[in-house]
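First comes the structure, then the notes that go with it.
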Amino acid sequence: RKEVEQDPGPFNVPEGATVAFNCTYSNSASQSFFWYRQDCRKEPKLLMSVYSSGNEDGRFTAQLNRASQYISLLIRDSKLSDSATYLCVSAQSSGSARQLTFGSGTQLTVLP
Amino acid sequence: DVKVTQSSRYLVKRTGEKVFLECVQDMDHENMFWYRQDPGLGLRLIYFSYDVKMKEKGDIPEGYSVSREKKERFSLILESASTNQTSMYLCASSLHPSGQGNQPQHFGDGTRLSIL
Numbered sequence: 001r002k003e004v005e006q007d008p009g010p011f012n013v014p015e016g017a018t019v020a021f022n023c024t025y026s027n028s029a030s031q032s033f034f035w036y037r038q039d040c041r042k043e044p045k046l047l048m049s050v051y052s053s054g055n056e057d058g059r060f061t062a063q064l065n066r067a068s069q070y071i072s073l074l075i076r077d078s079k080l081s082d083s084a085t086y087l088c089v090s091a092q093s094s095g096s097a098r099q100l101t102f103g104s105g106t107q108l109t110v111l112p
Numbered sequence: 113d114v115k116v117t118q119s120s121r122y123l124v125k126r127t128g129e130k131v132f133l134e135c136v137q138d139m140d141h142e143n144m145f146w147y148r149q150d151p152g153l154g155l156r157l158i159y160f161s162y163d164v165k166m167k168e169k170g171d172i173p174e175g176y177s178v179s180r181e182k183k184e185r186f187s188l189i190l191e192s193a194s195t196n197q198t199s200m201y202l203c204a205s206s207l208h209p210s211g212q213g214n215q216p217q218h219f220g221d222g223t224r225l226s227i228l
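Same order as they appear, the protein sequences are chains A and B.
Quick note: the first sequence uses this note's numbering, first residue 1, plus one each step.
Quick note: the second sequence uses this note's numbering, first residue 113, plus one each step.
Below, the structure written as C-alpha cells:
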C-alpha cells in the first residue's frame, strides 16, 4: 500500500463546478500536509500548506481528518486555468527534512 | 519569492558519460533535494542534503551521487549515464522544520534529461 494515495482521475468538470479530491495517508505520525499543483511538463508549485485541521485560500479549501487519515482539497467555481495535476504531500516527523511523501497526483481538466 | 534555478531545461547525453546537473537557490534554505519524476511513478527522492557537505540517500540513490560545497548549490552527478536514467529531474529546497513541522519544498523548473 502506498504511503500517500490519491485517485489519479482524470476528473473532467465544467467551468464553474465545485470539485473535491481526497488523499489518504497511512502513516499516523504525519504532522503536516501540502497540496501542490503541477502543470503539464512543469515543476510542482505549492498551492496550500495544512498544519492544523484545514486551510482556506480563496476558492481553495483543504480539510484534514486525522482520525480517518485523509485530507481533501475542494475547488469552488472552477476556472479553465485550474486544469493541472494536484499532488498531495504528507510530512512525518519534524525531526528530519527527508520525511515528505508525495502522492502520484490527481489530474483535473476544467472544460469550457 | 523563492527562486530555485536549475542549470538546464533540456539535456541530451550519451550512455557512459558523466553528467552534472546543477541547482542553485537564493533563499538561504538549509535543505536541498533531488528528485526524478517518471510517468506513473510520481516523484522519487534520489538524495537530499540538510547542510553544507552533508548528504543523505533517498529512495533511489543507485547510479547517482551529489555534492554540496556551498549552501546555495546542490549538484547531482550521474557517474556513468545509462538509458534508464532518462527522466525529468527536479531540484527543491526548503527551510529546516519549524515548530509546526516540516516546511514546504520549492521546486526548480526541472531538467529533462535524455540518455541516448
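Glycine included, C-beta positions come from ideal geometry on N, C-alpha and C.
Determine the direct distance from the alpha carbon of residue j to that of residue i, and round the result to whole angstroms.
i: F145/B; j: A20/A; result: 30 angstroms
i: S187/B; j: P14/A; result: 43 angstroms
i: P112/A; j: F102/A; result: 30 angstroms
i: F60/A; j: L74/A; result: 6 angstroms
i: S30/A; j: Y176/B; result: 29 angstroms
i: A91/A; j: L80/A; result: 30 angstroms
i: G9/A; j: L87/A; result: 12 angstroms
i: M200/B; j: R148/B; result: 6 angstroms
i: T85/A; j: V131/B; result: 30 angstroms
i: G152/B; j: G220/B; result: 21 angstroms
i: C203/B; j: S53/A; result: 29 angstroms
i: S206/B; j: Q38/A; result: 18 angstroms
i: E43/A; j: Y36/A; result: 10 angstroms
i: I71/A; j: L123/B; result: 37 angstroms
i: E129/B; j: S226/B; result: 12 angstroms
i: M166/B; j: Q118/B; result: 20 angstroms
i: L157/B; j: S32/A; result: 19 angstroms
i: T198/B; j: D150/B; result: 9 angstroms
i: R121/B; j: A193/B; result: 18 angstroms
i: Q107/A; j: E5/A; result: 13 angstroms
i: G16/A; j: I189/B; result: 46 angstroms
i: D113/B; j: E142/B; result: 16 angstroms
i: R126/B; j: P173/B; result: 20 angstroms
i: T18/A; j: H218/B; result: 28 angstroms
i: K2/A; j: Q69/A; result: 13 angstroms
i: N214/B; j: K183/B; result: 19 angstroms
Who are residue i's beta bridge partners in DSSP?
i: N143/B; result: S206/B
i: G154/B; result: D150/B
i: A20/A; result: L74/A
i: K125/B; result: I227/B
i: E5/A; result: T24/A
i: Y159/B; result: W146/B, K169/B
For residue i, is the classification buried or exposed, using 16 other Cβ atoms within 10 angstroms of its Cβ as the cut-off for buried?
i: V89/A; result: buried
i: Y159/B; result: buried
i: T223/B; result: buried
i: L228/B; result: exposed
i: V164/B; result: exposed
i: T24/A; result: buried
i: N55/A; result: buried
i: N12/A; result: exposed
i: C40/A; result: exposed
i: N65/A; result: exposed
i: N196/B; result: exposed
Please say whether residue j and residue i have beta carbons closer to each other than 8 angstroms?
i: D140/B; j: K115/B; result: no
i: G105/A; j: G170/B; result: no
i: P216/B; j: L46/A; result: yes
i: D82/A; j: V110/A; result: yes
i: V50/A; j: A62/A; result: yes
i: N22/A; j: D7/A; result: yes
i: V136/B; j: S161/B; result: no
i: R180/B; j: E134/B; result: no
Which ranges does the beta strand (DSSP E) cover as unbroken runs of at least 3 residues, wholly within the region 164–202 of chain B, from first to last along the chain? 166–169, 176–182, 185–190
Mind listing, in chain order, the continuous beta strand (DSSP E) runs of no fewer than 3 residues lying wholly within the region 31–110 of chain A? 32–38, 44–50, 54–57, 60–65, 70–75, 84–91, 100–102
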